[in-house]
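Undergrad: Protein chains in written order, with my numbering: chain X, 1 to 314; chain L, 1001 to 1686.
Using N, Cα and C, we set each Cβ at its ideal position, and we do this for glycine too.
Sending over a structure as structure tokens; questions will come in a sec.
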Ligand SMILES: Nc1ncnc2c1ncn2[C@@H]1O[C@H](COP(=O)(O)OP(=O)(O)O)[C@@H](O)[C@H]1O
Ligand code: SF4
Ligand code: SF4
Ligand SMILES: [Mg+2]
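Listed below in structure tokens is the structure:
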């Protein structure tokens, strides 16, 4: 286990290193002066010189890279070009909004999708199964930005049930939750279908296993057989899927955050790209990648926790 | 069975006129046709029959757990004063596990891998709300101890994959008996296990049945197991009960022609090894067709015209026996039937053909010496982290073996003994670390594949499961000529070759256009043989050539292999754990244990007088299909140790009843005895 964790963490470090390298190259190897690119064409001579000094732009490239890595390791991702505030602080302000959104989106998708898939598998070809089937295909096909726009138009603009814009007043949990509903709905919807299908398929397979028949033959209640035995095994591939899907989830938050004007990581990256605010782009993408790697690692650990065979092979 | 037996108070469960259909795309499979038999209290009842005869369907019908596409067409299952077929789902659930419990066929797949035994056993006891969890756990530990699991209080917290096959089956029995059920059902409880483990499970079931006063129903196709374990026997064929009675009646005085034939086909019963094995011609009937007359008539050697038209009567004999045949009663009663036991009632397909005389000093076709195959168990980095010094296990250890042209050598051992690895190494599919492998005098060990490829035409592998290893979308014609394509052999008329091969393995020509799923087990095996023979090999390595085949078909394949050997002078290396089979076809035997050959010699001598204690345990481990030859004790206990902890001295020392201090200190070397037999034991049996 320790060996496994070491290996995985080492691997993650390599991946993050590569990501930094790519980001770094983006900024430094595209033609033109990095400072001008970073500050934009309208920057003054003086500002460029100051920036170059601050960003160690006069050092050789490999040193710049090492300096960036070294700083990143201590939590210093550089300074925002415009406000001069530390990038780390800016990201930290925003990241909770994104995490809340992803958590809520994935959360409701799991709460609905997993039981739906389960029930559909227990009674294949029942009306519930059919409805689930149609629903899955329908929701998987629709891109989340369309769902966002329509949800915004219908529930916020037309019906005025829910707030349209922003993340709610700071400190007011209720208000923040109200602001969370629509975007979470939008990014989670296709996952409901996705999860339902996935769970249904693996449940169907597991329900045909001999050990399920054994559990029935020992007279266990159907509830225990389905949730305690079958789902326990069938959930494993789904956990991996959710872990891997986290990356896609983050990209859908970009759209949702833009459309609902939520101050999250996605919107931050988008705005920064538009403004050519490269330290922010670099830092935010790095943090997003790190998050993704952490989630995948966590899902693998979760599987090991559920499945003793995996646990011991680590 | 006689009607008064049905109503006697000693009947625990009574199956009456049960019929079950399965709805399939090919039509309704009539899996059970109007079957009746009682299960008497405190007895072990065996249900025996070939695969597809409906044995498992009976068990699942008793539990109300038939597959979704099953329809119960009629009948009753009386258990006490209830009819289980009419019981509600809730009532059935209360019965399952509490009053009627089950031991499953394959302990590898029938126990959930992600829950500990403790959790699984606690779940079974969920209907005892006023027993505390601690008390339940104590009960479970006690039961695990009772079935022979060492350290039950620790092992209860382990998962199924921590247990070996035999231990899992013991745990399976413990789970089934945990609630103290009145009736225990066991579906092929030892089929997935090795011989020595099978013997242990048989005795365990016997002891527990006595101790707990339970009634047991055992379903099996293994006549030896039934003879050794059961008190009463029900014989099924194609969804019907064709004979039932007490075990001695069935094995010594069988009335039904099918029962007779089944017993005669069992190689374990046939002492005369020079003779061909008897077979029942034909196949089990298509169960989707309505039957007319006797279901066995198409294959019965004694069939009369009436048999094809009129359902034969159930003829009772004495209190407890019954058989369904025209010969036994009524107009067509034949007093000369059944003939005495030494008269064979089924023919031997193709007569003559005793073993060809071989030149004594033929140069060996295959010669293996001092072969060593190692597998890496952990990577170098991990070994360093965990401080392991030993990164390899010896799957095959100083093995010597030879096969002459026209000779059959049986390689026998329990699972994990390294048989298959040895076979694969000979075929250059696994790299080896030391020793030599010579084919026709030429060293071939670890040859690069490019140079080895032409040799693959001379040495062919016959696979264990031909249907599983064949592409389902290729016709038989394509399958048996595939080796020509694999070896890029052009300029042969593939159609002519296909016909030649089909004829060689006695597969009718019209089968060439069929697909694997349209073949019966025996026919698929013939395709496997034809493929192996396609390129006229000199040596065939056959991995479990008859595993999973019914006895009536097994003989066919073994006879065919013997004929082909006589015609073409093939050398066979047969890898198996089935001793009765090798006894019949092998000239010489090599017994493997933990990667080493512990005994090697002529088959007849090895069987008559094993010198290695392990060989003796194997020979004695085969249950005899004769209720008068039951063993009173198990010859060896314990199980094959893991390769990871190979004992320092004799590999067998941990289980050997004759082990001395010396055995635990030094590894016995291979010794050749005066009669040419080789063994590896410090104290060979006299
Ligand atoms: N779920 C099923 N669907 C269709 N046919 C089945 C099903 N289960 C069993 N059968 C058929 O019923 C017959 C009896 O099967 P089974 O009870 O498993 O026999 P046995 O246990 O003696 O090998 C066989 O012909 C088999 O193919
Ligand atoms: S009834 Fe006829 S066909 Fe059937 S077993 Fe008896 S003799 Fe054979
Ligand atoms: S060497 Fe000793 S332990 Fe090994 S088989 Fe012979 S008697 Fe038994
Ligand atoms: Mg069966």
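Step through the CB atoms of chain L and report whether any lies within less than 7 Å of the CB of residue 307 of chain X.
TA: Translated into the one-based positions of the first chain, residue 307 of chain X becomes position 307. It does; some Cβ of chain L falls within 7 Å.
Undergrad: For the stretch 66 to 87 of chain X, which residues have a beta carbon sitting closer than 9 Å to at least one beta carbon of chain L?
TA: Hits within the stretch: zero.
Undergrad: In chain order, which continuous runs of the beta strand (DSSP E) of length 3 or greater are located wholly inside the stretch 1296 to 1342 of chain L?
TA: Complete beta strand (DSSP E) runs here, min 3: 1314 to 1317 and 1321 to 1324.
Undergrad: Please report the Cβ distance between residue 1192 of chain L and residue 1107 of chain L, rounded to the nearest whole angstrom; I am assuming they are in contact, meaning their Cβ atoms lie under 8 Å.
TA: Taking the second chain and counting its residues from 1, one reaches residue 1192 of chain L at position 192. Taking the second chain and counting its residues from 1, one reaches residue 1107 of chain L at position 107. 7 Å between Cβ atoms; contact.
Undergrad: For ligand 2, list every residue whose C-beta falls under 7 Å from any of its heavy atoms, going in chain order.
TA: Listed along the chain, these residues meet the criterion: L:1256, L:1257, L:1258, L:1294, L:1296, L:1297, L:1300, L:1302, L:1303, L:1304, L:1307, L:1312, L:1325, L:1326 and L:1327.
Undergrad: Which runs of the beta strand (DSSP E) spanning at least 3 residues fall entirely within the stretch 1152 to 1232 of chain L, listed in chain order?
TA: As far as the stretch 1152 to 1232 of chain L is concerned, its whole beta strand (DSSP E) runs of at least 3 residues are 1183 to 1187 and 1215 to 1220.
Undergrad: Show which residues of chain L have a CB atom less than 9 Å away from the CB atom of residue 233 of chain X.
TA: Looking up residue 233 of chain X in the first chain gives position 233. Simply 1112, 1113 and 1114.
Undergrad: From what residue to what residue does the beta strand (DSSP E) around residue 1487 of chain L run?
TA: Taking the first residue of the second chain as 1, we reach residue 1487 of chain L at position 487. Careful: residue 1487 of chain L lies outside any beta strand (DSSP E) and carries neither H nor E.
Undergrad: Report the three-state DSSP secondary structure of residue 1474 of chain L (helix, strand or coil).
TA: Against the second chain, residue 1474 of chain L aligns to sequence position 474. Looking at residue 1474 of chain L - three-state DSSP - the assignment turns out to be coil, as it is neither helix nor strand.
Undergrad: Of all the CB atoms in chain X, is at least one closer than 7 Å to the CB of residue 1123 of chain L?
TA: Position 123 of the second chain, counting from 1, holds the residue named residue 1123 of chain L. At least one chain X Cβ lies under 7 Å of residue 1123 of chain L.
Undergrad: With a CB to CB cut of under 7 Å and the five nearest residues on each side skipped, what residues in its chain are close to residue 1626 of chain L?
TA: Within the second chain, the letter at position 626 stands for residue 1626 of chain L. Only 1227 and 1251 meet the Cβ criterion.
Undergrad: Is residue 1679 of chain L near ligand 3 - that is, is its Cβ less than 6 Å away from at least one heavy atom of it?
TA: By 1-based counting over the second chain, the position of residue 1679 of chain L is 679. No, the beta carbon of residue 1679 of chain L sits no closer than 6 Å to any heavy atom of ligand 3.
Undergrad: Please list, in chain order, all residues of the same chain as residue 1508 of chain L whose beta carbon is under 7 Å from its beta carbon, the five residues on each side excluded.
TA: For the purposes of this step, residue 1508 of chain L is taken as residue 508 along the second chain, with counting starting at 1. None.
Undergrad: Flag this pair as touching only if the stretch 58 to 72 of chain X and the stretch 261 to 279 of chain X have three or more C-beta atom pairs under 8 Å; answer yes or no.
TA: Result no; under three Cβ-Cβ pairs closer than 8 Å.
Undergrad: So, using beta-carbon positions, are residue 217 of chain X and residue 1096 of chain L closer together than 7 Å?
TA: Numbered from 1 along the first chain, position 217 holds the residue referred to as residue 217 of chain X. Numbered from 1 along the second chain, position 96 holds the residue referred to as residue 1096 of chain L. Going by C-beta atoms, residue 217 of chain X is nearer than 7 Å to residue 1096 of chain L.
Undergrad: Buried or exposed for residue 1301 of chain L, going by 16 or more other Cβ atoms inside 10 Å?
TA: For this step, residue 1301 of chain L is matched to residue 301 along the second chain. When all chains shown are included, residue 1301 of chain L counts as exposed.
Undergrad: Residues of chain L with CB under 7 Å from residue 214 of chain X, in chain order?
TA: Here residue 214 of chain X refers to the residue found at position 214 of the first chain. Within 7 Å Cβ-Cβ: 1104, 1110 and 1111.
Undergrad: Would you list the residues sitting across from residue 1074 of chain L in a DSSP beta bridge?
TA: Here residue 1074 of chain L corresponds to residue number 74 of the second chain, with the count starting at 1. DSSP output for residue 1074 of chain L lists L:1019 as bridge partner(s).
Undergrad: Are residue 1415 of chain L and residue 1373 of chain L touching if we call contact CB-CB under 7 Å?
TA: In the second chain, the residue the question calls residue 1415 of chain L occupies position 415. In the second chain, the residue the question calls residue 1373 of chain L occupies position 373. Cβ atoms of residue 1415 of chain L and residue 1373 of chain L: not closer than 7 Å.
Undergrad: What whole-angstrom Cβ distance do residue 299 of chain X and residue 253 of chain X have, given they're in contact under 8 Å?
TA: Reading the first chain from its first residue, position 299 is the one you call residue 299 of chain X. Reading the first chain from its first residue, position 253 is the one you call residue 253 of chain X. Residue 299 of chain X to residue 253 of chain X, Cβ: 18 Å. No contact.
Undergrad: Where does residue 1636 of chain L sit, in a helix, a strand or coil, going by DSSP?
TA: Here residue 1636 of chain L refers to the residue found at position 636 when the second chain is read from its first residue. If DSSP states are grouped into helix, strand and coil, residue 1636 of chain L belongs with coil.
Undergrad: So which of L:1029, L:1098, L:1099 and L:1081 has the shortest CA-CA distance to residue 1071 of chain L?
TA: Residue 1071 of chain L sits at position 71 when you count from the first residue of the second chain. It is L:1029.
Undergrad: Determine, using beta carbons only, whether residue 1357 of chain L comes closer than 7 Å to chain X.
TA: Counting from 1 along the second chain, the entry for residue 1357 of chain L is found at position 357. With a pLDDT of only 47 at residue 1357 of chain L, under the threshold of 50, the placement of this residue in the model should not be trusted; the figure read from the coordinates follows. It does not: the Cβ of residue 1357 of chain L has no partner Cβ on chain X nearer than 7 Å.
Undergrad: Looking at chain X, is there any beta carbon in it that lies within less than 7 Å of the beta carbon of residue 1350 of chain L?
TA: On the second chain, position 350 is the one that residue 1350 of chain L refers to. A caution first: residue 1350 of chain L carries a pLDDT of 45, below 50, which makes its placement in the model unreliable, though a value can still be read off. False, the Cβ-Cβ gap to chain X never drops below 7 Å.
Undergrad: Mind checking residue 1510 of chain L: buried by the 16 CB within 10 Å criterion, or exposed?
TA: Along the second chain, one-based indexing puts residue 1510 of chain L at 510. Counting Cβ neighbours within 10 Å, residue 1510 of chain L comes out exposed, since fewer than 16 surround it.
Undergrad: Counting Cβ pairs, one atom from each stretch, are 3 or more of them under 8 Å apart for the stretch 1585 to 1597 of chain L and the stretch 1148 to 1167 of chain L?
TA: No, the stretch 1585 to 1597 of chain L is not in contact with the stretch 1148 to 1167 of chain L.
Undergrad: Within 7 Å of any Cβ in chain X, is that where the Cβ of residue 1013 of chain L sits?
TA: Counting from one through the second chain, the residue named residue 1013 of chain L turns up at place 13. Not one chain X Cβ lies under 7 Å of residue 1013 of chain L.
Undergrad: For residue 1296 of chain L, return the contacting residues in chain X, with the cut-off set at a CB-CB distance below 7 Å.
TA: The count along the second chain starts at 1 and reaches residue 1296 of chain L at position 296. Ordered by position in chain X, no residue passes the 7 Å Cβ test against residue 1296 of chain L, which lies about 31 Å from the chain.
Undergrad: Which of the three DSSP states, helix, strand or coil, is assigned to residue 1358 of chain L?
TA: In the second chain, the residue the question calls residue 1358 of chain L occupies position 358. Low local confidence applies: a pLDDT of 49 at residue 1358 of chain L is under 50, so the model's placement there is unreliable, with the coordinate-based value given in what follows. Residue 1358 of chain L falls in the coil class under three-state DSSP.
Undergrad: Looking at ligand 3, does it come within less than 6 Å of residue 1613 of chain L, judged from the CB to the closest heavy atom?
TA: Along the second chain, read from residue 1 onward, the residue named residue 1613 of chain L stands at position 613. Checking every heavy atom of ligand 3 against the Cβ of residue 1613 of chain L, one is found closer than 6 Å.
Undergrad: According to a CB-to-CB cut-off of less than 8 Å, which residues of the stretch 1151 to 1162 of chain L neighbour chain X?
TA: Those residues of the stretch 1151 to 1162 of chain L that come within reach of chain X (Cβ to Cβ, closer than 8 Å) are 1159 and 1161.
Undergrad: By the DSSP assignment, the beta strand (DSSP E) with residue 1584 of chain L in it spans what residues?
TA: Here residue 1584 of chain L refers to the residue found at position 584 of the second chain. Run containing residue 1584 of chain L: none in the beta strand (DSSP E); it sits in the alpha helix (DSSP H), 1579 to 1585.
Undergrad: Based on the DSSP secondary-structure assignment, which residues constitute the bridge partners of residue 1044 of chain L?
TA: To locate residue 1044 of chain L, count along the second chain from 1; it is residue 44. Bridge partners of residue 1044 of chain L: L:1216.
Undergrad: Whole beta strand (DSSP E) runs in the stretch 1423 to 1473 of chain L with 3 or more residues, listed along the chain?
TA: If we require 3 residues or more, the beta strand (DSSP E) runs fully inside the stretch 1423 to 1473 of chain L come out as 1434 to 1439 and 1459 to 1462.
Undergrad: For residue 148 of chain X, which of helix, strand or coil comes out of DSSP?
TA: To locate residue 148 of chain X, count along the first chain from 1; it is residue 148. Three-state result, residue 148 of chain X: helix.
Undergrad: Please list the partners that residue 1065 of chain L has in chain X, where partner means a Cβ-to-Cβ separation under 7 Å.
TA: Your numbering for residue 1065 of chain L matches position 65 in the second chain. Neighbours of residue 1065 of chain L on chain X, chain order: 213, 216 and 217.
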